[in-house]
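Trainee: Input: one structure, supplied below.
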Amino acid sequence: MSQDNLIKLECTECKRIGYQSTKNKKKIKERLELKKFCKWCKVHKNHKETK
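First residue of the sequence shown? That's 14 in our numbering, and the numbers climb one at a time after it.
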């Protein structure tokens with residue numbers, strides 16, 4: 014797994030980074046957004062890819 018493929022996901026509500034994932038940046042150009050559980054908010058929220 015290459016470092017270039019790693020992305021960080023941050024909660025849209027509390028802005029904390031809680032997840033890491035991989036993405037093929039050649040195929041997917043737009044930013045990834047997933048609905049995941051935030052352990053600080055204690056609910057399922059959207060998590061966006063950070064810069």
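In this text, a Cβ means the ideal position worked out from N, Cα and C, and glycines have one as well. Everything numeric in this text was worked out from a predicted model, so none of it was measured.
Write down the C-beta distance between N59 and K48 rounded to the nearest angstrom, noting that I regard them as a contact closer than 8 Å.
Mentor: Mapped onto the sequence shown, residue 59 falls at position 46. Mapped onto the sequence shown, residue 48 falls at position 35. The Cβ separation is near 6 Å, so the contact holds.
Trainee: If I measure Cβ to Cβ from T35 and keep anything under 8 Å in the same chain, skipping five residues before and after, which residues do I get?
Mentor: Sequence index remark: in the sequence shown, residue 35 carries index 22 (1-based). Counting only Cβ-Cβ distances below 8 Å, and skipping sequence neighbours, we find M14, N18, L19, I20.
Trainee: For R29, which residues in the same chain have their Cβ closer than 8 Å to its Cβ, ignoring the five residues on either side in sequence?
Mentor: Indexing the sequence shown from 1 puts residue 29 at position 16. So the list reads E23, C51, W53, once near-sequence residues are dropped.
Trainee: Going by C-alpha distance, which of K38, V56, E46 is nearest Q16?
Mentor: Locating residue 16 in the sequence shown gives position 3, where the first residue counts as 1. Here the closest residue by C-alpha is K38.
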